[in-house]
Every structure is written in structure tokens, then in C-alpha cells.
Amino acid sequence: MANIQLASNLRTLRKQRGLTQTDLGSLLNVSRQAYSNYETGKRTPDLDCLVFLSRFYQVDLTLLVLGSVKETDLPSGRIMEDTVPYLCSLEQKTGHTIYLSEEELDLVLHFRSLSRENRQIVAGFIKSAADSAD
2 MANIQLASNL RTLRKQRGLT QTDLGSLLNV SRQAYSNYET GKRTPDLDCL
52 VFLSRFYQVD LTLLVLGSVK ETDLPSGRIM EDTVPYLCSL EQKTGHTIYL
102 SEEELDLVLH FRSLSRENRQ IVAGFIKSAA DSAD
């Protein structure tokens, strides 16, 4: 039986983050068409996929499957620039997703605005400070 609410939530969450069905298919290691079937209710993602999507979107699993996702349900303070490639890389390397505090987000955004040379200087300073803190 099709879960229309889940299908609607998946579509809403994807669009709110500016992602394509191809992006999500790549992230889940399924074709664009397979992901499209999730959003139309033709197929239901397996439990592992649902748990991953719940963590990816930072939405409670029960809300994702049974509730009605609204923009007010969504967490703030996430970096959306290049999110999918970053998360794919992070998942492959560590198996974890990293969530940032507002302070950490601010630091990352400032770091990204620096020139390559200044990034190297700042990275060196942070490593040095972390080493001396141990």
C-alpha cells in the first residue's frame, strides 16, 4: 500500500533543500527513477533508507513517515552549499554525518570565504592550538 504522506514529505524535503531526484538517488545509491517512485508513492524505501533520510534531513523518523513535514519542522544552521557531495564523501570516509552548531557554522562560512593561502594559515593555527591544548 502506498504511503502518500511519506511520498509528499520526501518531495517537500528535497525541494526545500534545492536538491534533485538525481542528487538523492546518488546519495541513496539508487537510480533517479527509483527515487522518483518513492516520491510518487509507487514504492516505499526500505528501513535503512528511511533511517538515512531521517538523519540526512534531521527529521524524526515517525514524522517523516507518518506526519506532515512543514518548513517550521526543519532545523536551521546547516550548510547547504555542496551538501550532497560533502555528505557522500563524509559517509564513505567515516560512516557518520556531522551536524554543526551556529558557532561552528559561522566559522566554516568565514573559512570558506578566505583565500587558499589564508586557509592554510588558519588551518595551521588551529592545528597548533589543538596540539597545545592536549
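For the sequence shown, our numbering puts the final residue at 135, and the numbers step up evenly by one. Every residue gets a Cβ at the ideal spot worked out from N, C-alpha and C, and that includes glycine. Computed from a predicted model, the values in this text were never measured in an experiment.
query                                                                                                                                                           : result
From L7, S129, A130 and T13, pick the residue whose C-alpha is nearest to that of T63; which is it?                                                             : L7
By alpha-carbon positions, which one of Q22, S32 and L28 ends up nearest to F57?                                                                                : L28
Is S133 helix, strand or coil by DSSP?                                                                                                                          : helix
Who are the Cβ neighbours of Q34 in its own chain at under 7 angstroms, not counting the five residues just before and after it?                                : none
Going along the chain, which residues of its own chain have a beta-carbon closer than 8 angstroms to the beta-carbon of G42, five neighbours each way excluded? : A3, N4, I5, L7 and A8
Quick check on DSSP: helix, strand or coil for L20?                                                                                                             : coil
Need the endpoints of the alpha helix (DSSP H) that K115 sits in, please.                                                                                       : Inspection of the sequence shows that residue 115 is occupied by Leu rather than by Lys. That residue, L115, is in no alpha helix (DSSP H); it is neither H nor E in DSSP.
How many whole angstroms separate the CB atoms of V70 and T21, which I take to be in contact at a CB cut-off of 8 angstroms?                                    : In fact, because the Cβ distance is near 18 angstroms, the residues do not count as touching under 8 angstroms.
Within 10 angstroms of its Cβ, does E105 collect 16 or more other Cβ (buried), or is it exposed?                                                                : exposed
Below 7 angstroms CB to CB, which residues in the same chain sit around L67 once its five sequence neighbours on both sides are set aside?                      : Q6
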